[in-house]
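Undergrad:
Protein chains: 2
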Amino acid sequence: MADGLNMSRRIRRTPYTDRVEAAGVRGYSVVNHMLLPKAFEPSLEEDYWHLRQHAQIWDVSCQRQVEIKGPDAARLVQWMTPRDISGADIGDCFYIPITDRNGGILNDPVMLKLAADRFWLSIADSDVLLYADGLAVGAGLDVIVSEPDVSPLAVQGPKAEALMVSVFGDAISKVGFFKFDHFDFRGAPQLIARSGYSRQGGFEIYLDDSALGPALWDTIWEAGRPFDIRPGCPNLIERIEGGLFSYGNEMTRENNPLEIGLGKYCTLDGSIDFIGRGALQKIAAEGVTRIIRGVAFGTVPCPSCTMPWPVTADGVRVGQMTSAAWSPRLKCNVGLAMIDRSYWDTGREVIVTSADENRHLGQISDLPFS
Amino acid sequence: MADGLNMSRRIRRTPYTDRVEAAGVRGYSVVNHMLLPKAFEPSLEEDYWHLRQHAQIWDVSCQRQVEIKGPDAARLVQWMTPRDISGADIGDCFYIPITDRNGGILNDPVMLKLAADRFWLSIADSDVLLYADGLAVGAGLDVIVSEPDVSPLAVQGPKAEALMVSVFGDAISKVGFFKFDHFDFRGAPQLIARSGYSRQGGFEIYLDDSALGPALWDTIWEAGRPFDIRPGCPNLIERIEGGLFSYGNEMTRENNPLEIGLGKYCTLDGSIDFIGRGALQKIAAEGVTRIIRGVAFGTVPCPSCTMPWPVTADGVRVGQMTSAAWSPRLKCNVGLAMIDRSYWDTGREVIVTSADENRHLGQISDLPFS
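Taken in order, these protein sequences are the chains called A and B. Take the first sequence: its position 347, counted from the start at 1, is 347 in the working numbering, and no numbers get skipped. Residues are numbered in the working numbering as their position in the second sequence, beginning at 1, plus a constant of 1000.
1) Please name the residue in R194/A, A162/A, V165/A whose C-alpha comes closest to that of F177/A.
2) Using the C-alpha atoms, what's the distance from A39/A back to I1275/B?
3) In or out: I1090/B buried (at least 16 other Cβ within 10 Å) or exposed?
4) State the DSSP-derived secondary structure class of S1166/B, mapped to helix, strand or coil.
5) Less than 8 Å between the CB atoms is what I'm expecting for C1233/B and L1036/B, so what's the real figure, rounded?
6) Might you give, ordered along the chain, the residues of its own chain that have their beta carbon closer than 7 Å to the beta carbon of S1210/B, omitting 5 neighbours on each side?
7) List the DSSP bridge partners of A1182/B.
8) Would I292/A be called buried (16 or more neighbouring beta carbons within 10 Å of its own) or exposed?
9) Measure the C-alpha to C-alpha separation of A1139/B and G70/A and round it to an integer number of angstroms.
10) Using CA coordinates, which residue listed in E222/A, T99/A, I283/A is at the minimum distance from T252/A?
11) Report the residues of the segment 1269 to 1284 of chain B with a CB closer than 8 Å to any CB of chain A, ordered along the chain.
12) Roughly how many angstroms lie between the CA atoms of F1245/B and R1239/B, to the nearest whole one?
13) Closer than 7 Å between beta carbons: that is the criterion. Which residues of the segment 1296 to 1315 of chain B meet it against chain A?
14) Could you name the residues of the same chain whose beta carbon sits closer than 7 Å to that of I1339/B, not counting the 5 residues immediately before and after it, in chain order?
15) Can you check which of these residues, N6/A, A88/A, V295/A, is closest to K179/A by C-alpha distance?
16) Please give the ranges of any alpha helix (DSSP H) in the segment 229 to 274 of chain A, keeping only runs that are unbroken, at least 4 residues long and fully inside the region.
17) Does N1358/B pass the burial test, meaning 16 or more other C-beta atoms within 10 Å, or should it be called exposed?
18) With DSSP as the reference, identify every bridge partner of V316/A, one or two as the case may be.
19) Just to check my reading of the structure: V1110/B and Y1095/B have Cβ atoms closer than 8 Å, yes? What is that Cβ distance to the nearest angstrom?
20) So what does DSSP say about D92/A, is it helix, strand or coil?
21) Does the Cβ of P82/A have 16 or more other Cβ atoms within 10 Å, making it buried, or fewer, making it exposed?
22) Could you pull out every unbroken alpha helix (DSSP H) segment of at least 4 residues lying fully inside the segment 99 to 133 of chain A, listed in chain order?
23) Would Q1056/B pass as a contact of I1237/B if the rule is Cβ separation under 8 Å?
24) Which chain A residues sit within Cβ distance under 7 Å of V1137/B?
25) By the criterion of Cβ-Cβ separation under 8 Å, what are the contact partners of A132/A in chain B?
26) Does the segment 1183 to 1202 of chain B come close enough to the segment 1152 to 1166 of chain B that 3 or more CB-CB pairs lie under 8 Å?
27) Going straight from the alpha carbon of D1218/B to that of H1050/B, what length do you get?
28) Let's test the definition: count the other Cβ atoms within 10 Å of the Cβ of E1041/B and tell me whether it reaches 16, buried, or not, exposed.
29) With 16 as the cutoff for other CB atoms within 10 Å, does S1354/B come out buried or exposed?
30) Looking at the unbroken alpha helix (DSSP H) that takes in E45/A, where does it start and where does it end?
31) I want to see whether chain A comes within less than 8 Å of S1198/B, judged by CB atoms only; does it?
32) What residue from P1257/B, G1196/B, I1011/B has the CA that sits closest to L1153/B's CA?
33) Assuming A337/A contacts V300/A under a Cβ cut-off of 8 Å, what Cβ separation, rounded to an integer in Å, is found between them?
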C-alpha cells in the first residue's frame, strides 16, 4: 500500500489512540506532530449522514494548546493577531488568525481566555509555540510559553448536547456558543467549550490530564449508547458544505486573512497594534484580488483532492481548488477554491479539472453550501 | 488497514513524489508538513544491506531550508545555538542544536553558510522558520526569514561518489565532508554538500528549483544503473547502528544538548551569547543526570518502537528506549536509549521491555555500534 504511515515516537500518539484503534480507525493524518484519526468504517458518506443525525466522539488531541501566561500575556496575544481581543471575557473563545509581517497567515487558532494573564491558543497545524516563544524572547516579554498536557476530545452532532447533559448535568446546556466553563470529571475540573469543527453543534472537552483519557473516552462512549454514538473525525463532506477551512489546505502563509473572508476579524483602523498591520492596511486599501469561495461541480464523484486543482473559465486559469468531496445530499461535488476577483460572483460558471484529468462544469457558490 | 495516511495539500508532496511512487514506495512519514518516504520493497533488511554496498537515491525534500538573510543574519543564527559559528567559512556545513531559554532542544539543523549575511538551516521536524521570525520581529533584527524552493535529494552509499562524479565531474570528489560547493545542472548552479543521514558516505543535492525535480531524479537514476542504484530512505537499522539521532524520537524540547552527547558543540565559557546559555551553564556545572546510549538487546527481533519502551535494571526504571531495530549484521537488536547516570557505563546489563511485553536482556553499548 503506497500510503501507509510509518509510526514512531515523533508522530505522537494521544491519550485516546488505544480506543481509536479498538474502534477500527482506518487512517490518520498528522497534525502538530500528532495522530489525527481521519477515517472509520464503513465510509465517509455513512459518517456524514451519521454526524448530521446522531452523536460522535472525536479524538482531536492534535488541537494542541499553546499556553501564554504572565504579566505580558494579553499584550503578546494581541500582537500576534489582527483581531481586537480587548473585548474578550474570561470564558470566551475567540477565533484569531495569526499573521506575519506580510499579513500572511501563520495559523488560525481559537483563543481561550482563562484569566486576565493566561490564554490558550488551540492551534491548527504549525508550531505556534515556537513563534510565540521567539517573539517573547526577542522582545523581552514577561510570559511563559508552554504546551500543557491538554488533549481535546470533541462530542459533535445534534444529539451531542443531550449526551453531554447525561454525563455532566444540566448546567452544560447553559454554556453558550464559543464560550466555556469548567465541569467535574472524576474529581477534577475540566474545561468544556461549546465549539467544534462541524456545523452540527457540540462540545470540546479540553481534558487536562492525559492519564484520564481512556476513562473519559469510555464514559462518553457508554453514555452515548442511547444517542447512537459512533467514533468519528472531522468529516470532509460536512466541513466543505459548512464552509469550514483547514489551515495548510485552504490557506497558507501565502494567504492573508482578507482573502480568506476574515476581514471581520481584522481591526485595521489603527486602534490596535499587531504584526502585519501595515501590510493588511495596504491590502485592504487596494482591495483583495482573490477570495475563497465554494464551487458546486460535476455530476459524478471526483477523486480525492490531494494537491490543488486548477479552476478555469474562458480558457484561462482563474483559481485553484484545495478541498473537494462528493455531497450525497446535494448530488454534486462541493469544493473550496481561491478564485480571482473577476470570476468570484455567485453563479459564475467555471471548469474544475480534477487529478484524474476529468473536466467538471461548476458554479461559484456561497458558503456555507445550502 | 489501521495505519493509512490520508493525503491532503497540507501534507505536502515533493518534486520527487511522482518518481518515489513509481519506484514502489510502501510507506511515508510526515516531516515539516511534507512526505518523507520510509519504506521500499522488499524489506528494511534488504535496504540496509544494499545501502552498505551500493548507491541509493533518497527524497529528503522534507529537510526544509530556513533562509536567514540580511545584516543581522549571523547575529540571529548565533543567538539561536550554543555552537560557536564564528569559525564557519562560506561553504561550511555546521551541525547546530537550537536551544530554548531552558536549554531544551527545539531542533538540530545543519547550518550552511552561503555568504557572510546569508544562511540556510536544514531542519529536522519543527517550524524553525516561525521561531527565527519571532525572534527577528521581537528583537527588531534586520533579516528576512523565508523558506526557499529548495528540495534536497540525497545520494548515499559507498558507490555514491563514483555515481556523482559520473554526473557532475571529478571536481565533486574535492568537496570535503560537511562542505559544499556549486555544480551545474541543466545550466543552473546547484548547491551540493558531502553529507547525509547515513554513515555510508554520500552527498545531498540542494535542488533550488522544484520544477527540475523529476529531471534531477531521472538523471541520477539513469547514471546510477552501473552502481546498482535503488530508491531508498534513511534506514532505521543503519542509523541506529551509526548513532544518528532523530529529533522528536531521541530528543525533544525536554532534552538539553549535553544529555544528547552534544557537549562538544556547546560553548559555555561566556565567549558567545545565545538563548539558553545560563540554563546550560547550570546543567554543565551540576553534571547531567542522564545521557543517550546504545543498547544491544535480545536474541529475537523486537517489534517496531513506536512509543518509548522502559529500560530497567535491578527492578527499577533507569531509562527509556526511543528507537530500536533488529540488526542482521550484529545478530541482536540495537536501540537508542536515554539512560540514568548510575547505569550508563558501557557493558552494564539492563532489561528492555518492548511493546509486546517481551523482556529482553541487553547491554549498554558505545555509539556507533561496532
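Every residue gets a Cβ at the ideal spot worked out from N, C-alpha and C, and that includes glycine. These figures come from a predicted structure and were not determined experimentally.
TA: Let me lay it out:
1) Ranking the options by Cα distance to F177/A, first place goes to R194/A.
2) For the pair I1275/B and A39/A, the Cα-to-Cα distance works out to about 42 Å.
3) Counting Cβ neighbours within 10 Å, I1090/B comes out exposed, since fewer than 16 surround it.
4) Helix at S1166/B.
5) With 8 Å as the limit, C1233/B and L1036/B qualify as a contact, their Cβ atoms being about 7 Å apart.
6) Counting only Cβ-Cβ distances below 7 Å, and skipping sequence neighbours, we find P1015, D1149, S1151.
7) For the sequence presented, residue 1182/B should be read as His rather than Ala. Answer is L1191/B, bridged to H1182/B.
8) Buried, since its Cβ has 16 or more Cβ neighbours within 10 Å.
9) Cα to Cα, the separation comes out at about 19 Å.
10) Of E222/A, T99/A, I283/A, the smallest CA-CA separation from T252/A is found for T99/A.
11) From the segment 1269 to 1284 of chain B, only I1275 have a Cβ closer than 8 Å to chain A.
12) Taking C-alpha positions only, F1245/B is separated from R1239/B by approximately 7 Å.
13) Cβ contacts with chain A come from S1304, T1306, M1307, P1308.
14) In chain order, R1290, I1291, R1293, V1311, V1318, G1319, I1364 place their CB closer than 7 Å to the CB of I1339/B, counting only its own chain and leaving out the 5 sequence neighbours on each side.
15) The candidate whose alpha carbon is nearest that of K179/A is A88/A.
16) Correct list: 236 to 241.
17) In the assembly as shown, N1358/B is an exposed residue. Its beta-carbon has fewer than 16 other beta-carbons within 10 Å.
18) V316/A is bridged by DSSP to A313/A.
19) Contact flag correct, Cβ pair sits at about 6 Å.
20) In the three-state reduction of the DSSP assignment, D92/A falls in the strand class.
21) Label assigned to P82/A: buried.
22) Runs of the alpha helix (DSSP H) spanning 4 or more residues and lying entirely within the segment 99 to 133 of chain A do not occur at all.
23) No, these two residues do not count as a Cβ contact at 8 Å.
24) Under the 7 Å cutoff, chain A gives R101, L135, G138, I275.
25) Around A132/A, the beta-carbon contacts reaching into chain B at under 8 Å are G1134.
26) Result yes; three or more Cβ-Cβ pairs closer than 8 Å.
27) Distance from the CA atom of D1218/B to the CA atom of H1050/B, rounded to whole angstroms, is 20 Å.
28) That one is exposed.
29) Looking at its Cβ environment, which holds 16 or more other Cβ atoms inside 10 Å, S1354/B is buried.
30) Counting along the chain, the alpha helix (DSSP H) containing E45/A begins and ends at 44 to 53.
31) In terms of beta-carbon proximity, S1198/B stays away from the interface with chain A, with every pair separated by 8 Å or more.
32) Minimum Cα-Cα distance from L1153/B among the listed residues P1257/B, G1196/B, I1011/B corresponds to G1196/B.
33) The C-beta separation of A337/A from V300/A comes to about 19 Å, leaving the pair out of contact by the 8 Å criterion.
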